[in-house]
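Enquirer:
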Ligand code: PLP
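The structure is reproduced here in structure tokens:
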């Protein structure tokens, strides 16, 4: 059916349909357990059910909303209580509502002047977060540093790397100059986003040094220092070290303090990637994970992972904002304005790749104000407690083995029957539609990962999921 003759949605229709969309979302959350966690469609199946060409005349919104029925089988339900894949992508009512306001107002906060609230709320809430996490105060905007919201940790790391590249080359980096050799350092367990950032920043893949890890999968500082010394002897300038707080494979914790001392000695930019685990520092008892952060020039973590702030929201902190803005800023005539000329405002366009930016600070504002520090701490503690309970269940079963320390909310484990069996078990469990877990490879073995952080999940859900894994394994033998 075609919509009425009006071109745009009227405010009264928007109100009516807006309520329907909220009802749709409420029904979605209330019935989410009726869906398979992991979408079971084949490649191309969803597309084959979509019309071949766009409508010449606009359609009625009720009908457009009903298209969700066609798309639903192709949705993997990240907010399902039995989603234990990758890392959590936390969702909450206040974050969803804040996102609606940010999208609904349609503002674009590229410059302070284009929406002062967009900039000032972001700066303010990121300063709050420094205190909430017990981070060094040098990362606050009233000191030389400050925070900025990026879409993802990958973008945060890219910006940090560009800052480091320009700092190490004194603003003269030229990828065609073979004498201008800069090296970067990660561990064998660092996230792939750092290698990608190196490609994007034009540093060349040969500039990446991959440092070994110890039996807990944490970077070995002595190996890092040895590699740095070798590089210096060979005329290469060490520019960037990335230490991880909570690696993706196993939530391993690199020793930031020891790594930081090495970086200080050789004047190398230290970036700390705490994408998922960083949120744990909301609780004083887990703040040890960021010991040594005072040595870092930049730090990133994702409230969109374990802090109930719907995707996308990654925060990047730097200890000296000039190092970032001098590397990133480009101000053509058409962006000049009185606000910027006062020198008293932040223009976040100078802190990221995109010029335009959404009012994402509002999501953090509403989440922090809705839960309060104590509410967020309760959520983190409950997840850690549930993880420890699951750990004890796995330990009680002689058929399974936990293969890495479990400091927070991820358990890496395997069935003792070997890699081939674990792969079969993994695929069979996910095919049930009742649970979604992911895998990794450690010491050449197929390992199962069970991550915990669902706002909708209870210990009963986790118990049922563990029973499902045990029973599936029994049936496969
Ligand atoms: N760093 C770590 C340690 C991660 O675990 C992840 C994703 O899980 C990333 C970086 C990349 O995160 P994003 O998807 O925000 O780029």
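Numbering (this note's numbering), first residue to last: 149 to 625.
Beta carbons are placed, not taken as given, at the ideal position from N, Cα and C, and that holds for glycine.
1) Taking residue 590 as part of the beta strand (DSSP E), name the residues at either end of that continuous run.
2) Return the bridge partner residues of residue 390 from the DSSP annotation.
3) Please determine if the segment 437-445 and the segment 416-427 are in contact, where contact requires at least 3 C-beta pairs separated by less than 8 Å.
4) Could you check the C-alpha separation between residue 473 and residue 594 for me, to the nearest Å?
5) Taking C-beta to C-beta, are residue 338 and residue 392 nearer than 9 Å?
6) What separation, rounded to the nearest whole angstrom, lies between the Cα atoms of residue 412 and residue 273?
7) If you check the beta carbons only, do residue 383 and residue 318 fall under 9 Å apart?
8) Quick one, which of 462, 592, 587, 599 has its alpha-carbon nearest residue 557's?
9) For the ligand PLP, is there any heavy atom lying closer than 8 Å to the beta carbon of residue 394?
10) Reducing DSSP to helix, strand and coil, say where residue 337 ends up.
11) CB-CB under 6 Å to residue 235, same chain, minus the five flanking residues each way: which ones, in chain order?
12) Where does residue 188 sit, in a helix, a strand or coil, going by DSSP?
13) The alpha helix (DSSP H) with residue 558 in it runs from where to where?
14) Is the beta carbon of residue 395 less than 9 Å from the beta carbon of residue 345?
15) DSSP beta-bridge partners for residue 162?
16) Which residue wins for smallest C-alpha separation from residue 609, given the options 168, 176, 181?
17) Less than 8 Å between C-beta atoms, sequence neighbours within five positions excluded: which residues of the same chain meet that for residue 624?
18) Sort 449, 487, 358, 174 by Cα distance to residue 240 and report the nearest one.
19) Examine the ligand PLP and report whether any of its heavy atoms sits within less than 8 Å of the Cβ of residue 586.
20) Using three-state DSSP, classify residue 494 as helix, strand or coil.
21) Which stretch, first to last residue, makes up the beta strand (DSSP E) that contains residue 321?
22) May I ask you to report which of helix, strand or coil DSSP gives residue 469?
23) Here's the rule: buried if 16 or more other CB atoms are within 10 angstroms of the residue's CB, otherwise exposed. What is residue 614?
24) If contacts are defined as beta-carbon pairs under 8 Å, then residue 500 and residue 303 qualify, I think. What distance do you get, rounded to the angstrom?
25) Among the residues of its own chain, which have a CB less than 6 Å from the CB of residue 228, if the five just before and after it don't count?
26) For residue 508, which of helix, strand or coil comes out of DSSP?
27) Any beta carbon of chain C sitting closer than 9 Å to that of residue 582?
28) Sort 622, 519, 528, 546 by Cα distance to residue 242 and report the nearest one.
29) Using only the alpha-carbon positions, how far apart do residue 534 and residue 350 sit?
30) Could you check the C-alpha separation between residue 469 and residue 290 for me, to the nearest Å?
31) Distance check for residue 543 and residue 170, CA to CA, integer angstroms please.
32) Measuring from the CB of residue 428, is there a heavy atom of the ligand PLP at a distance below 8 Å?
33) Using a 10 Å radius around the Cβ and a threshold of 16 neighbouring Cβ atoms, would you call residue 387 buried or exposed?
34) With a Cβ-Cβ cutoff of 9 Å, do residue 486 and residue 314 count as a contact?
35) Taking residue 450 as the reference, which of 405, 429, 196 has the closest Cα?
36) Quick check on residue 440: buried or exposed, where buried means 16 or more other Cβ atoms within 10 Å of its Cβ?
Expert: Concretely, from the data shown:
1) For the purposes of this step, residue 590 is identified with residue 442 of the chain shown, where counting begins at 1. Counting along the chain, the beta strand (DSSP E) containing residue 590 begins and ends at 584-590.
2) Looking up residue 390 in the chain shown gives position 242. Bridge partners of residue 390: 419.
3) The segment 437-445 vs the segment 416-427: in contact.
4) Reading the chain shown from its first residue, position 325 is the one you call residue 473. Reading the chain shown from its first residue, position 446 is the one you call residue 594. Rounded to the nearest angstrom, the two C-alpha atoms are 43 Å apart.
5) The residue given as residue 338 occupies position 190 in the chain shown. The residue given as residue 392 occupies position 244 in the chain shown. Cβ atoms of residue 338 and residue 392: closer than 9 Å.
6) Against the chain shown, residue 412 aligns to sequence position 264. Against the chain shown, residue 273 aligns to sequence position 125. Their Cα atoms are separated by approximately 29 Å.
7) Translated into positions along the chain shown, residue 383 becomes position 235. Translated into positions along the chain shown, residue 318 becomes position 170. Not a contact, by the Cβ cut-off of 9 Å.
8) As a first step, residue 557 must be located in the chain shown, where it is residue number 409. Here the closest residue by C-alpha is 599.
9) Residue 394 sits at position 246 when you count from the first residue of the chain shown. Under cutoff, so the answer is yes.
10) Counted from its first residue, the chain shown places residue 337 at position 189. Residue 337 falls in the coil class under three-state DSSP.
11) If you number the chain shown from 1, residue 235 lands on position 87. Cβ within range, chain order: 424, 453, 599.
12) Residue 188 sits at position 40 when you count from the first residue of the chain shown. Coil.
13) One-based indexing of the chain shown puts residue 558 at position 410. Segment 558-563 is the beta strand (DSSP E) holding residue 558; no alpha helix (DSSP H) there.
14) Within the chain shown, residue 395 is the residue found at index 247, counting from 1. Within the chain shown, residue 345 is the residue found at index 197, counting from 1. No, the Cβ-Cβ distance between residue 395 and residue 345 is not below 9 Å.
15) On the chain shown, position 14 is the one that residue 162 refers to. Residue 162 is not bridged to any residue.
16) Locating residue 609 in the chain shown gives position 461, where the first residue counts as 1. Minimum Cα distance to residue 609 is reached at 181.
17) Position 476 of the chain shown holds residue 624. Here the set comprises 569, 572, 573, 576.
18) Counting from 1 along the chain shown, the entry for residue 240 is found at position 92. Ranking 449, 487, 358, 174 by Cα distance to residue 240 puts 174 first.
19) Against the chain shown, residue 586 aligns to sequence position 438. Residue 586: no, Cβ never under 8 Å from the ligand PLP.
20) Start at 1 with the first residue of the chain shown, and residue 494 comes out as number 346. DSSP places residue 494 in coil when its eight states are reduced to three.
21) Translated into positions along the chain shown, residue 321 becomes position 173. First-last for residue 321: undefined, no H or E at that position.
22) Here residue 469 refers to the residue found at position 321 when the chain shown is read from its first residue. Of the three classes helix, strand and coil, the one that applies to residue 469 here is helix, per DSSP.
23) What you label residue 614 is simply residue 466 of the chain shown in a count that begins at 1. Per the 10 Å Cβ criterion, buried.
24) On the chain shown, position 352 is the one that residue 500 refers to. On the chain shown, position 155 is the one that residue 303 refers to. The Cβ separation is near 7 Å, so the contact holds.
25) As a working mapping, residue 228 is identified with position 80 in the chain shown. Excluding positions up to five away in sequence, the list reads 180, 185.
26) Residue numbering aside, residue 508 sits at position 360 when the chain shown is read from its first letter. It is coil, neither helix nor strand.
27) The structure shown contains no chain C; it holds only a single protein chain.
28) Counting from 1 along the chain shown, the entry for residue 242 is found at position 94. Ranking the options by Cα distance to residue 242, first place goes to 519.
29) Residue mapping note: residue 534 aligns to position 386 of the chain shown, counting from 1. Residue mapping note: residue 350 aligns to position 202 of the chain shown, counting from 1. Approximately 43 Å between the Cα atoms of the pair.
30) Counting from 1 along the chain shown, the entry for residue 469 is found at position 321. Counting from 1 along the chain shown, the entry for residue 290 is found at position 142. Cα to Cα, the separation comes out at about 11 Å.
31) Position 22 of the chain shown holds residue 170. Position 395 of the chain shown holds residue 543. Cα to Cα, residue 170 sits roughly 43 Å from residue 543.
32) Taking the first residue of the chain shown as 1, we reach residue 428 at position 280. Checking every heavy atom of the ligand PLP against the Cβ of residue 428, none is found closer than 8 Å.
33) Along the chain shown, one-based indexing puts residue 387 at 239. Buried, since its Cβ has 16 or more Cβ neighbours within 10 Å.
34) Translated into the one-based positions of the chain shown, residue 486 becomes position 338. Translated into the one-based positions of the chain shown, residue 314 becomes position 166. In this structure, residue 486 keeps its C-beta atom at 9 Å or more from the C-beta atom of residue 314.
35) Counting from one through the chain shown, the residue named residue 450 turns up at place 302. If we check each option's Cα against that of residue 450, 429 comes out closest.
36) For the purposes of this step, residue 440 is taken as the residue at position 292 of the chain shown. Flag for residue 440 reads buried.
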